[in-house]
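Beneath this line is the structure, given in structure tokens, with notes to follow.
Number of protein chains: 2
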Amino acid sequence: MKQNIYDDHAFFANYSKMPRSVGGLNSAEEWPAFRDLLPDLADKRVLDLGSGFGWHCRYARQQRSRFVLGVDLSSQMLETAKSLTADSEIEYRQSAIEDFEFRDGEFDVVISSLALHYVEHFDIVCRKIHRGLASGGTFVFSVEHPVFTSRAEQDWYLGHDGERLHWPVDNYCDEGIRHTSWMTDDVVKYHRTVATYVNTLIQSGFHTEKILECGISKERLSQRPDLIDERRRPMFLLVRARKPI
Amino acid sequence: MKQNIYDDHAFFANYSKMPRSVGGLNSAEEWPAFRDLLPDLADKRVLDLGSGFGWHCRYARQQRSRFVLGVDLSSQMLETAKSLTADSEIEYRQSAIEDFEFRDGEFDVVISSLALHYVEHFDIVCRKIHRGLASGGTFVFSVEHPVFTSRAEQDWYLGHDGERLHWPVDNYCDEGIRHTSWMTDDVVKYHRTVATYVNTLIQSGFHTEKILECGISKERLSQRPDLIDERRRPMFLLVRARKPI
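Going line by line, the protein sequences match chains A and B. Okay, so the first sequence: first residue is 1 according to the working numbering, each after it adds one. Okay, so the second sequence: first residue is 1001 according to the working numbering, each after it adds one.
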């Protein structure tokens, strides 16, 4: 049973107050890294898996994508996305990521931002995306980093005065479900290793082109000194993969 | 200045007592994972960078490699390796890994076991290996995992009774030198992220074929229950990369 936490009212109310929900992509700390992984989107057919409020869909059209399909499980997310979108070439569709059915080669670019750690079977999704991409197509995604998802607590280890001593890792090699508390109780995520993410892409027929774990460059810290702890542990894993021609 | 810690007498004396030094490959917990990444070695020209006591060189010849060259910086390691080797098709040569000069396409397989985290410039070494490999050749290596090298302490975070609470990560995104204590004081290692290892391979022209972080399978634990904590954090990163034809 797929969890539809974004249709939980308490969760949704809290999520809607997050900086990235209010301010969009530029309020998401990993956005510059994600954007740098994207190919030229002009005239491309783009799919966004886990499209949320549609920020990435609208960005793709600003970059002159031919059309964009946003897929999300949550009707609340989709409603908000639609209310923020005035573009006949952006379509939103309600579906779990795992259930979305591709036609062969119907997209040039598939993106997914911080959604695939909610998906139990990454291998199935990877094979579907590979089939749905045209030859030479690109798959760019971000997930919570395995170092971040290994423990269900997903928090710093604190000292007596509440200072952040270090980031704790445990049970890294034991992949599978994690019952986390984020915005609300029992948000189900799936922990996978970096190796599994990369190997699953390769086994699905992709070439891995680039990986990013440290989205916050030293240069960026000068503008956002509040992000300094993001250099201490990898919070996001971002990958660009390509379907070979 | 490259550190030649394996020619330090105290270090060498301690290293020589390690299970893997006495018992060879089968006493190295990551060996089954490393072996599984190797291609068929029959009739191959093999280079081992950081060959140590020569265990991998002799294994390659057992697998009917045509010849094997072992390169190591430490004269003490090379002396022991030679004393353990009676095979005219295994040659040992003293050189820092970074200084080894390849002829174009002279090897079919390059391996390196737990040596490249001592190397400051992985990018330079990668480009050299790519040049030294024949078209279609394979590069298999293991390093201490970035989750393991992020903190110079390289140790578990312990509770009041000495129990292992979790594995601490810090300064993950700040790559570079780590002054560690392992066998002796101030062993210099270089911390790099997983992303840097993978991206450097790709930028050097390799295709990444497979990554392993969890060398200890659940099955293996039934034979080696003492390794159970090795499932809690990734200690080794193992990679197989290929020079495309």
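Heads up, the beta-carbon is just placed ideally off N, CA and C, and yes, glycines get one too.
Residue contact with chain B for Leu158(A): absent (no Cβ-Cβ distance below 9 Å to any residue of chain B). One Cα belongs to Glu91(A), the other to His130(A), and the distance between them is close to 21 Å. The beta strand (DSSP E) runs of length 3 or more contained entirely in the stretch 1065 to 1106 of chain B are, from start to end of the chain, 1067 to 1072, 1090 to 1094. In this chain, the alpha helix (DSSP H) harbouring Phe1148(B) covers 1146 to 1149.
Restricting attention to Met183(A), Arg178(A), Pro168(A), Val239(A), the CA atom closest to the CA of Val198(A) is found in Val239(A). If you check each beta-carbon in the stretch 1167 to 1183 of chain B against every beta-carbon of chain A, the ones closer than 8 Å belong to Trp1167, Pro1168, Val1169, Asp1170, Asn1171, Tyr1172, Cys1173, Asp1174. The Cβ atoms of Arg233(A) and Asp1170(B) sit closer than 9 Å to each other.
The straight-line gap separating the alpha-carbon atoms of Leu1073(B) and Phe1100(B) is approximately 10 Å.
In the assembly as shown, Leu69(A) is a buried residue. Its beta-carbon has 16 or more other beta-carbons within 10 Å. By the neighbour-count criterion, in which a residue is buried when 16 or more other Cβ atoms sit within 10 angstroms of its Cβ, Pro146(A) is buried. Of the residues Trp1055(B), Ala1060(B), Leu1041(B), Leu1237(B), the one whose Cα lies closest to the Cα of Ser1083(B) is Trp1055(B).
Identification of residues in the stretch 1060 to 1074 of chain B having a C-beta nearer than 8 Å to some C-beta of chain A yields an empty set. Contact annotation, Asp174(A) with Arg1231(B): C-beta distance approximately 6 Å; criterion of less than 8 Å satisfied. Contacts between His1207(B) and chain A, judged by CB atoms closer than 9 Å, involve Ile202, His207, Thr208 in chain order. One alpha carbon belongs to Ala60(A), the other to Val110(A), and they sit about 11 Å apart. No Cβ-Cβ contact shorter than 9 Å links Leu37(A) with Ala1195(B).
A Cβ-Cβ separation of about 4 Å places Lys1044(B) in contact with Asp1108(B) under the 8 Å criterion. Using a CB distance cut-off of 9 Å, Leu1038(B) does not count as an interface residue toward chain A. Collapsing the DSSP output to three states places Ile1124(B) in a helix.
Here Tyr1190(B) is not near Gly1205(B), since their CB atoms are 9 Å or more apart.
Selection Gln1094(B), Ser1075(B), Cys1057(B) evaluated against Ser1088(B) yields Cys1057(B) as nearest (Cα-Cα). A distance below 6 Å between beta-carbons, with the five flanking residues on each side excluded, links Thr1193(B) to the following residues of its chain, in chain order: Pro1146. With a threshold of 9 Å between beta carbons, Ala1086(B) makes no contact with chain A.
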